[in-house]
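Protein chains in written order, with this note's numbering: chain A, 105 to 607; chain B, 20 to 181.
First comes the structure, then the notes that go with it.
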Amino acid sequence: MDLITNLSLGFSVAFTLTNLLYAFVGCLLGTLIGVLPGIGPVATIAMLLPTTYALPPVSALIMLAGIYYGAQYGGSTTAILVNLPGEASSVVTVIDGYQMARQGRAGPALAAAGLGSFAAGCVGTLLLAAFAIPLTEVAFKFGPAEYFSLMILGLIGAVVLASGSLIKAVAMILLGLLMGTMGTDLNSGSERFTMGIPELTDGVGFIVIAMGLFGYGEIINNLSKHASERTVFSTSVKGLMPTKEDFRNMLPAVLRGTTLGSVLGILPGGGAVMASFAAYTLEKKTKLRPGEVPFGKGNIRGVAAPEAANNAASQTSFIPLLTLGIPPNAVMALMVGAMTIHNIQPGPQVMTSDPTLFWGLIASMWIGNLMLVILNLPLIGVWIKLLTVPYRWLFPAIMLFCAIGVYSTNNTTFDIWTVGILGVIGYLFIKLGLESAPLLLGYILGPMMEEYLRRALLLSRGDWSIFVTRGLSASLLAIAVILIVIVTLPAIKKKREETFVED
Amino acid sequence: MIVKSQKDFYSGLMFMAVGVAFAWGASGQRVGDGANMGPGYFPLILGTLLAILGGVILLNSLLLKTEDGEKVGRIAWKPLVFIIAANLIFGVAVGGLPSLNIPPMGLIVGVYALTFIASLASEEFNFKAVAVLATVLAIINYLAFVVLLNLQFPVWPTFITG
């Protein structure tokens, strides 16, 4: 079996003592930062990226995978404990998770999230390994027109599921794409939008953007609220293990969540977000067992299913990234940036040119999941302590990590100034009700889109109809259009708004 | 004419301004055509689209009714100023400011400066507590970034280390 030989190759890479150590450290750091209130996974990963610079590529990616899972888990923890979803995909976890925490059942809720994610992660890893080869072969059939259309679909998919106004999200994508064009144009060598500033010839660094918009912007916004408005964790956590009854309720929910998540995650676009919402809706439609707590009042299925779904989806969303090189969400966009820093261009060629890295990464994802369970469940007490640290001590520390991290990337103070400016812009975005995640996604995809557009139009001698005359490209664009039409339908639009304001 | 959503009104204005700026900047480059795209081609399209979308958002903010007028709300000047100032001073401390003949003061000075100035942004400022925090952060950062990760930083002021 190819699958088994490949996976064992991967595990032989990942199961060395040093790499296990990096996975462990990554998980630990990721959770440590991710659990701090007000810092989502994007900011966490951006902050911790510089810590991987010195490592060899495989170890760095393994550590990043650890950071990624740790950050995500940290996000779910804050969702459950302080009613603060770290990212869109844990928005639904808040509904029942926080209720459970208020009833003193935070322990079982956290365990349900952890175990559910692990189960889903196992399935997701297998699927990823199984689908990687056939999809990579498809990827080689993709021409530039298909890639361009796929990116359009990916960008549209990522925003139709986001909260808030669709048109504003699309505008943010465009802004991100434009920011991606800043710096030297690779094709002609001429400088674009650098305003004569020499430091801008390489464009604005993506870590700078991520930290400015997600780190500083959030800090300013948090500080503008009165201390009492910042939800502080005050309930105690008694007992960690779910009861037998909990397990009986959880198990089918986890299975349903995993299935939904695996399928939805493969689709380009915000797989994890869509998966967690769909899983929650499905659980709500499933009949309550006698004596079960209703949804919205602290039902453990309302935590287990969406958490399993979003983890399965984030696992399978690596499929488009690794096989096509297209990041489906902002976190994956950061991973692309990280890979580029380590001189790896994500895409179909990675698997053939560097199989140890490819399969090592896949194996390390599973290890990352495992680490989370063995690391985080016993350490939940410690993470909870972290949540009680007053914000006035936290934010200078966060700022410092951002500033040092940014400086160490290029050893230039110019980047520190830029982060400051972007922090102001990030705060402005929050004030105007604009989301920064689509911008980051556009920023990462911008240069790739331009390149594929150039090649596609070169092949067609400047004829734009190439995007609709080629079957595959046309169907990808059609799906994008259908997505937009669906969310703008009045009935769905209302439903979408309801989901996001629920409870 | 009444603005029905203040947030959208300003967002629309911003997108239009930025879109026009990018499109204008792009048109100064060689634009070329589809078969032979110049550096200005892609940004010109994007900038134009952004300006159009901004216009639509602006129009919507004037036409579509919202419940509360979606006010932008008070700008938190105090955190904004102190956070950005702390950030700038940290940059000066680490890198110095050659144009003003300010030598690099190093990481440790930077940590103290950033912590103190940033803490002023908070409602509760306690000199002693901040001093303790800054010391702890200085030690952690020194150990983590300089000792453990071996990143190249000026740690102490250059006039001491020479």
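Ideal placement from N, C-alpha and C gives every residue a C-beta, glycine not left out.
Subject >> CB contact check: Ile-158 (chain B) to chain A, cutoff 7 angstroms >> reply: no
Subject >> 8 angstroms Cβ shell around Phe-127 (chain A) - same chain, five flanking residues per side excluded >> reply: Here the sequence assigns Ala to residue 127 (chain A), which means Phe is not the residue at that position. Answer for Ala-127 (chain A): Ala-118, Ile-166, Met-167, Ala-169, Gly-170, Ser-468, Ile-471, Gly-472, Met-475, listed in chain order.
Subject >> Ala-213 (chain A) CB to nearest heavy atom of the ligand NAP below 6 angstroms >> reply: With respect to small molecules bound, the structure shown includes none, and the ligand NAP cannot be examined in it.
Subject >> Residue from B:Arg-49, B:Gly-114, B:Leu-81 with nearest C-alpha to Asn-53 (chain A) >> reply: With chain A represented from 105 up to 607, any question about residue 53 (chain A) goes unanswered, as that position is not in the structure.
Original post:
Alpha carbon to alpha carbon, how far is Ala-417 (chain A) from Ala-112 (chain B)?
Top reply: 44 angstroms
Subject >> Rounded straight-line distance, which links the Cα of Ala-150 (chain B) to that of Leu-282 (chain A) >> reply: 43 angstroms
Original post:
So what's Glu-66 (chain A) in DSSP terms, helix, strand or just coil?
Top reply: Missing from the structure shown is residue 66 (chain A); chain A here goes from 105 to 607 and no further.
Original post:
So with Cβ pairs under 7 angstroms, would you call Pro-248 (chain A) a contact of chain B?
Top reply: no
**OP:** Please specify which runs of the alpha helix (DSSP H), each continuous and at least 4 residues long, are wholly inside the region 300-327 of chain A, giving them in chain order.
**Re:** 310-314
**OP:** Could you name the residues of the region 114-144 of chain B whose beta carbon sits closer than 7 angstroms to any beta carbon of chain A, in the order they occur along the chain?
**Re:** Gly-114, Val-130, Leu-133, Thr-134, Ala-137, Ser-138, Ala-140, Ser-141, Glu-142, Glu-143
**OP:** Spatial neighbours of Ala-157 (chain B) within its chain, please: CB distance less than 7 angstroms, with the 5 preceding and 5 following residues excluded, ordered by chain position.
**Re:** Ile-127, Val-130, Tyr-131
Original post:
Taking C-beta to C-beta, are Val-591 (chain A) and Gly-218 (chain A) nearer than 7 angstroms?
Top reply: no
Original post:
When Cβ atoms are compared, which residues of the region 61-93 of chain B fall closer than 8 angstroms to chain A?
Top reply: Phe-61, Pro-62, Leu-65, Gly-66, Leu-68, Leu-69, Leu-72, Gly-73, Val-75, Ile-76, Asn-79, Glu-89, Val-91, Gly-92, Arg-93
Original post:
In chain order, what residues of the same chain have a beta carbon less than 7 angstroms from the beta carbon of Val-605 (chain A), not counting five sequence neighbours either side?
Top reply: Below a pLDDT of 50, predicted positions are generally treated as unreliable, and Val-605 (chain A), at 46, falls in that range; the measurement from the model is reported next regardless. So no residue of the chain qualifies.
Subject >> 8 angstroms Cβ shell around Ser-24 (chain B) - same chain, five flanking residues per side excluded >> reply: Asn-79, Ser-80, Leu-83, Thr-85, Gly-88, Glu-89
Subject >> Lys-388 (chain A) to Gln-203 (chain A) span [Cα, whole Å] >> reply: 16 angstroms
Original post:
Taking 7 angstroms as the CB-CB limit, is Pro-176 (chain B) close to chain A?
Top reply: no
**OP:** Measure from the C-beta of Ser-30 (chain B) to each C-beta in chain A and report whether the shortest distance is under 7 angstroms.
**Re:** yes
Subject >> Proximity to Ser-512 (chain A) [Cα-Cα], best of A:Ala-437, A:Asp-106, A:Asp-458, A:Val-312 >> reply: A:Val-312
**OP:** Could you confirm whether any beta carbon from chain A is found closer than 7 angstroms to the beta carbon of Lys-23 (chain B)?
**Re:** no
**OP:** Would you tell me roughly how many angstroms separate the C-alpha atoms of Val-589 (chain A) and Leu-68 (chain B), rounded to the nearest one?
**Re:** 19 angstroms
**OP:** Say whether chain A places a C-beta atom closer than 7 angstroms to the C-beta of Lys-26 (chain B).
**Re:** yes
Subject >> Where Gly-485 (chain A) sits in the DSSP three-state scheme >> reply: helix
Original post:
Apart from the five residues just before and just after Val-185 (chain B), which ones in its own chain have a Cβ nearer than 8 angstroms to its Cβ?
Top reply: The first residue shown for chain B is 20 and the last is 181, placing residue 185 (chain B) beyond what the model contains.
Subject >> Contact under 7 angstroms by Cβ, Gln-495 (chain A) with Ile-324 (chain A) >> reply: At residue 495 (chain A) the sequence reads Tyr, which differs from the Gln that was named. No, they are not a contact pair.
Original post:
Listing by chain order, which chain B residues have their CB less than 7 angstroms from the CB of Asp-289 (chain A)?
Top reply: Pro-58
Original post:
Residues in its own chain within less than 8 angstroms of Leu-32 (chain B) by CB, not counting five upstream and five downstream?
Top reply: Gly-73, Leu-77
**OP:** Verify the CB distance criterion: does Thr-298 (chain A) have a CB-CB separation below 7 angstroms to chain B?
**Re:** no
Original post:
Can you find a C-beta in chain B that's less than 7 angstroms from the C-beta of Ala-560 (chain A)?
Top reply: no
**OP:** Could you tell me the distance, in whole angstroms, from the CA atom of Leu-481 (chain A) to the CA atom of Leu-214 (chain A)?
**Re:** 8 angstroms
Subject >> 8 angstroms contact criterion, which Pro-62 (chain B) and Phe-34 (chain B) should meet: CB distance rounded >> reply: With 8 angstroms as the limit, Pro-62 (chain B) and Phe-34 (chain B) do not qualify as a contact, their Cβ atoms being about 15 angstroms apart.
**OP:** Could you check what DSSP says for Asp-607 (chain A) in three-state terms: helix, strand or coil?
**Re:** In this prediction, Asp-607 (chain A) scores a pLDDT of 35, lower than 50, which makes its location untrustworthy; the coordinate-derived value is nonetheless stated afterwards. Here Asp-607 (chain A) sits in coil by DSSP.
Subject >> Leu-162 (chain B) versus A:Phe-235, A:Thr-155, A:Leu-543, A:Gly-280, residue with shortest Cα-Cα distance >> reply: A:Thr-155
Original post:
By the 10 Å Cβ neighbour count, where 16 or more other Cβ atoms means buried, how is Asp-106 (chain A) classified, buried or exposed?
Top reply: exposed
**OP:** Consider the Cβ of Leu-167 (chain B): report whether some Cβ of chain A lies at a distance smaller than 7 angstroms.
**Re:** no
Original post:
Looking at C-beta atoms only, is the number of pairs between the region 273-290 of chain A and the region 298-318 of chain A that lie closer than 8 angstroms three or more?
Top reply: yes
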